[in-house]
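One structure is given here, and the rest of the page talks about it.
Residue numbers (mature numbering (1 follows the signal peptide of the UniProt record, and there is no 0)): -26 to -1, 1 to 220.
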């Protein structure tokens, strides 16, 4: 048995246990009937998480597209102006039921700037006939690059929460501390959850996040039933080159 296969079989067993436990971490989650296609936005952390999500949504018969971007993908902060040049068209052309935006490690700016950007995203998403799901980012172990911006990242969830609270049910915020905890933790339950770079996830962490997000979406979108972890955990995605330092 290969190392990759051994890892995924271990993930399946763990996911079957975690799917039935833990708090939801949901705040003002959107409600809608059915879930036909999900568009996933975020940075390189989200790009790694998109790998098991793609497998899971495929197994569940739901369309899925990720436009998470390495070194960007943000709607506020550096390079966000370039992202906004193409983002409305990407959202409209995808024809999603739900747009999931995981707050990025580049969401720098004042809380007022963040709130304006998330509100702009909400307007764009609802204009495309979809619901917006905002998800907090995993905690990171900041290096010299990120350290000056940690105060900005700390109040991004509050900005997102305010937008969700005033959205009249068109947006919701999911607190991913239910998955990651409040601080960076490389090993969890005896397995490597996060990359040694202090930022990204490993297959174990990405799978746990996928399982958690699917369960939260099922609560918010009646009629959507997530596929069982055993149907998507062992489909080869964990061998992707995106996972490093694991």
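Built from N, CA and C at the ideal position, the CB exists for glycine as well.
Computed from a predicted model, the values in this text were never measured in an experiment.
DSSP state of residue 204 mapped onto helix, strand, coil: helix
Counting only the same chain and skipping the five closest in sequence on each side, list residues whose C-beta sits under 7 Å from that of residue 104. 70, 71, 72, 73
Count the other C-beta atoms from every protein chain shown that fall within 10 angstroms of the C-beta of residue 199, then say buried if there are 16 or more, exposed otherwise. exposed
Looking only at C-alpha atoms, which of 9, 189, 180, 54 sits nearest to residue 202? 189
Taking C-alpha atoms, which residue in 108, 124, 107 lies nearest to residue 114? 124
Nearest-angstrom Cβ-Cβ length linking residue 133 and residue 75, presumed shorter than 8 Å: The Cβ separation is near 12 Å, so there is no contact.
Within the chosen definition, does the stretch 173 to 185 reach the stretch 138 to 149 through at least 3 CB pairs nearer than 8 Å? no
Roughly how many angstroms lie between the CA atoms of residue 83 and residue 110, to the nearest whole one? 16 Å
Just verifying my parser: in three-state terms, what is the DSSP assignment at residue 115? coil
I'd like to know if the stretch 49 to 57 and the stretch 17 to 37 are in contact, where contact means that at least 3 CB-CB pairs between them fall below 8 Å. no
Three-state secondary structure (DSSP) at residue 135? helix
When you compare the CB positions of residue 98 and residue 144, do they come within less than 8 Å of one another, or not? no
Tell me which residue opens and which closes the beta strand (DSSP E) that residue 212 is part of. Segment: none, residue 212 is in no beta strand (DSSP E) and carries neither H nor E.
Nearest candidate by alpha-carbon position, reference residue 159, set 184, 191, 28, 116: 116
Taking C-alpha atoms, which residue in 12, 43, 107, 161 lies nearest to residue 35? 12
Tell me the DSSP secondary structure of residue 175 in three-state form. strand
With DSSP collapsed to three states, give me the class of residue 40. strand
Alpha-carbon spacing of residue 107 relative to residue 211, whole angstroms: 24 Å
Presumed contact (8 Å Cβ cut-off) between residue 255 and residue 206, rounded CB distance: The requested residue 255 does not occur in the structure, where the chain is confined to residues -26 to 220.
When DSSP labels each residue in this structure, what does residue 144 get in the three-state scheme? coil
Specify the secondary structure class of residue 14 as computed by DSSP and reduced to three states. strand
Hey, out of 153, 157, 64, whose CA is closest to residue 128's CA? 157
Please report the straight-line C-alpha distance between residue 5 and residue 86, rounded to a whole angstrom. Reliability fails at residue 5, whose pLDDT of 34 lies under 50, so the model's placement of it is uncertain and no value is given.
CA-CA distance, residue 196 and residue 39? 21 Å
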